[in-house]
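Residue numbers (our numbering): 1 to 77.
Beta carbons are placed, not taken as given, at the ideal position from N, Cα and C, and that holds for glycine.
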Amino acid sequence: MQQQIEENCTLVFTLPVSYVGWYIVVALQIEDYFNSSYTTPMSSVPIQFLFYAYAAASNSCTTRPQIIGERPNRDPL
């Protein structure tokens, strides 16, 4: 499983083909700090995801989903 954190704080997960038919658990701990010199978070929130890996059909769409429209201040969807 590959993961990377982009400059805009987006996590990207790519499951290898060998994981088809498996459930994958991802557990994150989201923490915010007053500034980079602080070692104690102001808050800490756990979040968990469960992914299911499946093989794409041969006629599946190759275009990724897109957000259409404006998102001022990166408002949540």
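Check: Between Ser43 and the ligand GTP, is there a pair consisting of the residue's CB and a ligand heavy atom that are separated by less than 7 Å?; Outcome: In the structure shown, the ligand GTP is absent, as is every other ligand, since no ligand is present at all.
Check: Using 8 Å for Cβ pairs, my map puts Gln48 next to Val25. What's the rounded Cβ distance?; Outcome: 7 Å
Check: Using a Cβ-Cβ cutoff of less than 7 Å, which residues in the same chain neighbour Gln29 once the five nearest sequence positions on both sides are dropped?; Outcome: Ser44 and Pro46
Check: Which residue from Tyr52, Gly69, Thr10 and Tyr38 puts its Cα closest to that of Pro16?; Outcome: Tyr52
Check: Enumerate in chain order the residues of its own chain whose CB-to-CB distance from Thr40 is below 6 Å, with the five nearest sequence positions on each side excluded.; Outcome: none
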